[in-house]
Each structure stands twice: as C-alpha cells, then as structure tokens.
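Participant: Counting in my numbering, the sequence shown runs from 588 upward without gaps.
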Amino acid sequence: MQFTCSIRRASWWGRSRCPSWSWATTSGGGGFRPSSSAFCGTLLDNKLHGVYSCAGCGLPLFASDAKFNSGTGWPSFFQPIAPGNVAETADESHGMTRVEINCARCDGHLGHVFPDGPPPTRQRYCMNSESLTFTPSDQLATLADPAAENA
Ligand SMILES: [Zn+2]
Numbered sequence: 588m589q590f591t592c593s594i595r596r597a598s599w600w601g602r603s604r605c606p607s608w609s610w611a612t613t614s615g616g617g618g619f620r621p622s623s624s625a626f627c628g629t630l631l632d633n634k635l636h637g638v639y640s641c642a643g644c645g646l647p648l649f650a651s652d653a654k655f656n657s658g659t660g661w662p663s664f665f666q667p668i669a670p671g672n673v674a675e676t677a678d679e680s681h682g683m684t685r686v687e688i689n690c691a692r693c694d695g696h697l698g699h700v701f702p703d704g705p706p707p708t709r710q711r712y713c714m715n716s717e718s719l720t721f722t723p724s725d726q727l728a729t730l731a732d733p734a735a736e737n738a
C-alpha cells in the first residue's frame, strides 16, 4: 500500500507536541515508528473532539462525531465531513474488489470504504492512521479550510 500524497507539511501537533513524529511514513520507506505516546503514534484511540484532516494537504476529511470503534485496528468513520472531500474509486487489486478512498484535493491514499458500517450510512471508512492528522476542536481556527468551520 503506497501513500501518494505529494504535498507535505508538518501539522501543528507534529511540530508542537510530537517532536519524535516523523513523516518518513509518507515517503515510501515504511519507517513508521510509533512513539511512546499513543496520541502521537496512532489516531486509533483518539477520543478527542475535533477534525481529522489529510496528512498530505490538510483538507478536512472526517469529524470525530463520525468516528466509531470498528474493532479492525484502523480508525473508522461512517461518513466524511463533506462528500466532496473524499474521492472513491474501485480498487481491484489483490484479487478482490474494494473501494479505495483518496483525498479529493491532493489524491493522497486514505484507505478503503466497506458497506458494513453502522447506521445511518452503513458505510465503514477504514482509514490509515498515517494518512490523517487530527485537530482538536479548540484548535480548528488554525485550519485554513472553510470546510472546517462546519465541523
Ligand atoms: Zn490531501
């Protein structure tokens, strides 16, 4: 699985809270090393209220309100923050048909969507932790995108 975001920038929490965070995971080296802090290492257990944005370009993708525990080990959501922010394409690799989801702005790979999620959408957006950055609701003013104001 290759993460293809070509636009990279450090997020606010990458700079200010997680000195050990590395963007190596987006450069194809597979060098992701979770730090000792769960907040830094994975977004899976993140219970804070806020917005999950594309790690590549910062586009808001999912609100914490739409996050649910799927038990898969991946951050899962039942709907995007805005339908136009997440692009869906059929992925027929690995001998099965899945729906790949990409950032609508930078085309970075986000994960896959499956039709076995909870109500109301019955969709399960299965995300790569490494593809997302999290912004707590009290920090949303730092996001430049107007869409964040709808969270
Ligand atoms: Zn993006």
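Where is the CB? At the ideal position from N, CA and C, for every residue including glycine.
Provide the residue span of the beta strand (DSSP E) that contains L697, from first to last.
Facilitator: For this step, residue 697 is matched to residue 110 along the sequence shown. It spans 696-701 - the beta strand (DSSP E) in which L697 sits, taken as one unbroken run.
Participant: By the three-class DSSP mapping on this structure, what secondary structure does D725 have?
Facilitator: Counting from one through the sequence shown, the residue named residue 725 turns up at place 138. Note: D725 maps to helix in three-state DSSP.
Participant: Which runs of the beta strand (DSSP E), 3 residues or longer, sit entirely within the region 661-721?
Facilitator: The region 661-721 contains these whole beta strand (DSSP E) runs: 673-678, 685-690, 696-701, 711-714.
Participant: Under three-state DSSP, which class holds A642?
Facilitator: On the sequence shown, position 55 is the one that residue 642 refers to. Correct three-state label for A642: coil.
Participant: Classify D725: buried if its beta carbon has 16 or more other beta carbons within 10 angstroms, exposed otherwise.
Facilitator: The count along the sequence shown starts at 1 and reaches residue 725 at position 138. Its Cβ having fewer than 16 others within 10 Å, D725 is exposed.
Participant: Between A653 and V673, which are expected to be in contact by the criterion C-beta below 8 Å, what is the C-beta distance as a whole number of angstroms?
Facilitator: Mapped onto the sequence shown, residue 653 falls at position 66. Mapped onto the sequence shown, residue 673 falls at position 86. So it is not a contact: roughly 11 Å between Cβ atoms.
Participant: To which residues does DSSP link A650 through a beta bridge?
Facilitator: For the purposes of this step, residue 650 is taken as the residue at position 63 of the sequence shown. Note: A650 sits in a beta bridge opposite V638.
Participant: Cβ-heavy atom distance between G643 and ligand 1 below 7 Å?
Facilitator: In the sequence shown, counting from the first residue as 1, residue 643 sits at position 56. It does: the Cβ of G643 is within 7 Å (strictly closer) of some heavy atom of ligand 1.
Participant: In angstroms with no decimal places, state the Cα-to-Cα distance between M683 and P702.
Facilitator: On the sequence shown, position 96 is the one that residue 683 refers to. On the sequence shown, position 115 is the one that residue 702 refers to. M683 and P702: Cα-Cα distance of roughly 14 Å.
Participant: For P667, does the count of other Cβ atoms within 10 angstroms reach 16, so buried, or fall short, so exposed?
Facilitator: If you number the sequence shown from 1, residue 667 lands on position 80. By the neighbour-count rule (16 or more Cβ atoms within 10 Å), P667 is buried.
Participant: Nearest to T676 by alpha carbon, out of L635, G658, G698?
Facilitator: To locate residue 676, count along the sequence shown from 1; it is residue 89. If we check each option's Cα against that of T676, G698 comes out closest.
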